[in-house]
Amino acid sequence: MAMKSRFFGIVTLGALAATWLVASNSVQAVVQWTEGAPMPSSRSEVAVAELDGKIYVAGGFGGGRALEIYDPASDRWTRGAPMPGTIHHAAAVALDGRLIVLGGYSNGWKPVDSVYEYNPGADRWRELAALPTPRGALAAGVIEGRIHAIGGVGSNRQNSASHEVYDPERNTWESRAALPTPRDHLSAAVVADRLYAIGGRKNGSYAHNLDVNEAYDARMDRWETRVPMPTPRSGISAVVLNDRVYVVGGEAPEGTFDEGEVY
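When you line the sequence shown up against numbering that gives the first Met the number 0, it's residues 0 to 262, in that order.
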């Protein structure tokens with residue numbers, strides 16, 4: 000059976016970050032993995048997002064301030080302007096033709112509140128309004144043109160239940176209903192204007208991986224519990240393809256996962 004849409008993963012040591020690209024509106028099946036050109040630099044705990052058909056990989060362990068951009072059409076990588084700061088365990092989303100990188104750790108394991116916007120056309124970064132709650136290993140998603148930043152580890156080295164929403168028109172943040180299960184190294188996916196917070200771990204320990212799946216309704220400002228993942232894990236990637244959430248990879252004390260599960 001021909002594969003008419005493609006799912007792309009960026010695999011890194013200690014974590015798996017992924018994004019997706021829809022090649023056409025007709026999807027029959029994802030039937031196999033294929034290997035693309037390797038990243039120019041080896042790194043882990045990166046921030047990844049898809050923007051206008053290209054995959055942007057920012058920061059991470061071993062990556063410094065690097066921004067590397069993958070074009071699936073040509074199977075080639077290029078480099079963008081370096082990030083303003085050295086960050087790992089950040090979150091990334093695409094919004095209005097820009098790449099947004101938020102939160103993460105800097106100077107070792109210090110949670111940061113920085114929010115950076117990258118303009119691909121100008122190859123330039125600028126700083127946006129800071130996160131109200133500094134945190135690393137958080138997740139983020141976009142609903143109706145606003146960025147929702149959830150979970151992570153705060154300055155007290157404990158999990159944060161913070162759920163903060165960024166309005167790009169006003170360049171401001173405001174709080175929304177707290178994440179019911181505070182956790183870090185989770186992933187987020189948006190389907191039909193609902194934000195799904197999937198998996199993760201308690202207080203940075205992958206000995207305490209979670210199978211939690213919680214969905215947020217932005218119009219009601221309310222969370223609800225959904226069917227848990229079959230495999231508790233953290234350091235995962237959750238991506239959307241044809242209104243289904245694909246969860247891949249992850250970490251545990253015994254090693255990394257190769258499972259792929261679909262919701």
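Yeah, the Cβ is synthetic: ideal placement off N, Cα and C, and Gly gets one too. The model shown is predicted, which means the values in this text are computed figures rather than measured ones.
Beyond the five residues adjoining it in sequence on each side, R75 comes within less than 7 Å, by CB distance, of A36 in the same chain, given in chain order.
Annotation: the continuous beta strand (DSSP E) that includes H207 extends over S204 to N208. Secondary structure of V92 (DSSP, three-state): strand. It is roughly 17 Å from the alpha-carbon of I149 to the alpha-carbon of R232. Contact between R123 and A91 does not hold, since their C-beta atoms are separated by about 17 Å, which reaches or exceeds 8 Å.
Contact check for E163 against P133 fails: the beta carbons are separated by 7 Å or more. For H147, same chain residues with a beta-carbon under 6 Å away, outside a window of 5 residues either side, are G140, V164 and L194 in chain order.
With distances taken between CA atoms, T224 lies nearest to V211 out of V211, D192 and A136.
Going by DSSP, W108 is part of no beta strand (DSSP E) at all; its letter is neither H nor E.
With a beta-carbon spacing of about 4 Å, A237 and A188 fall inside the 8 Å limit used to define contacts. Cβ contact annotation for V239 (same chain, cutoff 8 Å, sequence separation greater than five): W19, A188, V189, V190 and Y245, in chain order.
At the C-beta level, A89 and A46 come within 7 Å of one another. By the neighbour-count definition (other C-beta atoms within 10 Å, threshold 16), D183 is a buried residue. Here the alpha carbon of Y262 sits roughly 30 Å from the alpha carbon of P167.
It is roughly 30 Å from the alpha-carbon of P252 to the alpha-carbon of Y215.
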